[in-house]
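Single-structure report; data block below.
Residue numbers (the working numbering), protein chains in the order written: chain A, 428 to 698; chain B, 15 to 136; chain C, 3 to 132.
Dropping the structure here:
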């Protein structure tokens with residue numbers, strides 16, 4: 428197998444998938460392997476790379492490319508994400524590399540500029556981000572269940588360890604649901620909460636106050652002894668919410684507040 | 015100089031309804047308060063409903079204006095109900111430390127009118 | 003981004019800009035509202051004391067965390083007693099008196115420098131929760 432000749436080098440370069448250009452020590456394009464994105468070689472050759480139509484549509488892109496090339500001329504290799512533009516004006520993201528081009532003695536005689544389109548990669552990144560967001564949202568919904576148990580009545584059973592972050596999310600979910608369903612009564616059941624710290628108690632109070640501001644009332648049910656102690660020690664304002672023994676009592680209270688009367692059907696029979 | 019914009023005040027049953035759709039700066043706020051009190055007197059309204067569903071930021075100034083309106087109306091024998099408070103604003107107000115003293119709130123216009131009816135019958 | 007604050011209308015402009023930047027960064031609607039409300043107070047503080055100043059909004063990073071940093075700078079009369087100004091209920095500008103203290107509660111970081119006769123500088127930051 429013989430040595431590769433100049434023609435073959437040229438074919439190699441021109442067949443490369445990514446864009447590659449050789450710039451002189453001023454940053455002007457001396458050679459480029461392919462014209463792409465709709466441009467012809469005449470559009471680009473001889474121009475400063477940052478002034479070329481790929482980049483000159485955006486000040487930001489121009490600056491970034493210019494800076495990268497200046498760094499390369501000082502001997503530094505750089506890699507950055509830049510927005511390039513097709514001939515029709517559509518922007519697309521690329522990874523832009525600039526490296527010093529050296530002769531055999533090591534002197535810098537120009538710059539090698541490479542560009543790789545990452546549109547596909549970016550799209551995948553976006554989709555991945557969206558999927559993660561959706562997963563997070565559904566995970567949160569599962570762990571902060573606010574259910575409408577009657578027209579105008581929401582129930583929120585708090586279960587397990589409630590930390591500050593979760594308490595915050597629960598609060599936001601609940602308040603949004605109150606407005607969404609236009610519910611005037613919220614039953615917050617804390618039977619499943621063994622103990623709360625002052626921070627979480629603070630969040631619950633904040634939630635109750637915010638709900639009141641919206642025009643809804645809160646009923647706290649299932650307060651365990653330890654939770655009761657924490658709340659008393661905190662000196663919370665008990666006028667802001669009603670308390671009932673359990674969810675059942677809470678529901679009964681709520682319905683009565685809304686003007687309902689609960690009777691058994693067979694109690695209609697005369698004695 | 016009177017500002018060009020005005021906040022419209024409507025009549026519903028024996029109450030007044032005003033919906034704040036534009037940013038309430040100083041001059042406009044004062045005019046709004048004035049217009050409300052004049053309307054209350056003219057119409058002999060018993061209740062006042064202020065819809066703030068279009069307001070996305072409630073700072074100390076807006077709060078003061080609303081508290082003042084409720085106070086003025088109360089002096090004239092009229093109860094005020096605020097409707098349409100956005101959930102994110104309710105959280106912010108609580109954290110901010112604002113007290114909506116003397117102001118009732120309701121989830122929507124219908125419930126607001128209901129509150130006024132209940133208050134009237136007491 | 004820098005916004006000149008001299009009159010009331012500028013307060014709305016400043017807080018809308020802050021809200022938009024927060025939204026762009028990916029803050030939740032609640033955080034956007036907290037930020038906008040805090041900025042509204044800071045901008046109002048500038049206007050109410052009859053001076054003019056600027057509100058500067060910038061996205062910042064600390065390691066992996068993204069945040070929004072906002073400066074409110076004026077060359078107004080300055081605050082004589084900062085501690086008092088931060089206490090609720092105290093007001094010199096006809097507000098409810100909870101402006102500065104409230105702004106502090108809504109944000110994650112709060113710094114204030116003020117010199118009587120020279121002016122006031124307030125810096126607030128809100129970090130994004132992951």
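The beta-carbon is built from N, C-alpha and C at its ideal position, and this holds for glycine as well.
Between which two residues does the alpha helix (DSSP H) holding residue i run?
i                      : result
residue 133 of chain B : 123-135
residue 75 of chain B  : 74-89
residue 442 of chain A : 433-442
For the beta strand (DSSP E) that contains residue i, what are its first and last residues?
i                      : result
residue 524 of chain A : 518-529
residue 58 of chain C  : 55-64
residue 616 of chain A : 612-619
residue 479 of chain A : Looking at the DSSP string, residue 479 of chain A is not in any beta strand (DSSP E), and its letter there is neither H nor E.
residue 593 of chain A : It is not in any beta strand (DSSP E) - residue 593 of chain A instead sits in the alpha helix (DSSP H) that spans 591-608.
residue 92 of chain B  : Note, residue 92 of chain B: premise wrong, no beta strand (DSSP E); not H, not E.
residue 115 of chain C : 111-117
residue 447 of chain A : 446-450
Measure the C-alpha to C-alpha separation of residue i and residue j and round it to an integer number of angstroms.
i                      : j                      : result
residue 626 of chain A : residue 583 of chain A : 19 angstroms
residue 39 of chain B  : residue 19 of chain C  : 17 angstroms
residue 530 of chain A : residue 450 of chain A : 14 angstroms
residue 639 of chain A : residue 119 of chain B : 8 angstroms
residue 32 of chain C  : residue 71 of chain B  : 11 angstroms
residue 430 of chain A : residue 440 of chain A : 16 angstroms
residue 522 of chain A : residue 507 of chain A : 6 angstroms
residue 114 of chain C : residue 37 of chain C  : 17 angstroms
residue 497 of chain A : residue 482 of chain A : 16 angstroms
residue 76 of chain C  : residue 609 of chain A : 43 angstroms
residue 682 of chain A : residue 133 of chain B : 20 angstroms
residue 105 of chain B : residue 57 of chain B  : 35 angstroms
residue 21 of chain C  : residue 539 of chain A : 43 angstroms
residue 533 of chain A : residue 452 of chain A : 14 angstroms
residue 519 of chain A : residue 37 of chain B  : 39 angstroms
residue 110 of chain B : residue 107 of chain C : 6 angstroms
Going along chain C in order, which residues have a C-beta closer than 8 angstroms to the C-beta of residue i?
i                      : result
residue 599 of chain A : 30 and 32
Just mark residue i as buried or exposed, buried being the case when its beta carbon has 16 or more other beta carbons within 10 Å.
i                      : result
residue 648 of chain A : buried
residue 668 of chain A : buried
residue 656 of chain A : exposed
residue 109 of chain C : buried
residue 115 of chain B : exposed
residue 24 of chain B  : exposed
residue 437 of chain A : exposed
residue 484 of chain A : exposed
residue 46 of chain C  : buried
residue 90 of chain B  : exposed
residue 467 of chain A : exposed
residue 73 of chain B  : buried
residue 691 of chain A : exposed
residue 660 of chain A : exposed
residue 96 of chain C  : In this predicted model, residue 96 of chain C has a pLDDT of only 44, less than 50, meaning its place in the structure is not dependable; the value taken from the coordinates is given anyway. Label assigned to residue 96 of chain C: exposed.
residue 604 of chain A : buried
Below 9 angstroms on C-beta distance, what does residue i contact in chain B?
i                      : result
residue 575 of chain A : Residues of chain B passing the Cβ test: none, with the nearest at roughly 14 angstroms.
residue 35 of chain C  : 70, 71, 72, 100, 102, 103, 105 and 106
residue 675 of chain A : Correct list: empty, because the minimum Cβ distance to chain B is about 25 angstroms.
Tell me residue i's beta-bridge partners as DSSP assigns them.
i                      : result
residue 577 of chain A : A/580
residue 484 of chain A : Answer by DSSP bridge pairing: none, since residue 484 of chain A is not bridged.
residue 505 of chain A : A/525
residue 6 of chain C   : C/56
residue 65 of chain B  : B/33 and B/97
residue 76 of chain C  : C/55 and C/122
List the residues of chain A that residue i touches, going by C-beta distances under 8 angstroms, in chain order.
i                      : result
residue 108 of chain B : 633, 636, 637 and 640
residue 114 of chain B : 640
Below 8 angstroms on C-beta distance, what does residue i contact in chain B?
i                      : result
residue 606 of chain A : 100, 101 and 121
Could you name the residues of chain A that residue i contacts, counting a contact when the two beta carbons are closer than 7 angstroms?
i                      : result
residue 104 of chain B : 602, 637, 640 and 641
For the ligand SAM, I want to know if residue i counts as a neighbour, meaning its beta carbon is within less than 7 angstroms of at least one of the ligand's heavy atoms.
i                      : result
residue 501 of chain A : Absence of the ligand SAM from the depicted structure is noted, as is the absence of any ligand whatsoever, leaving it without description.
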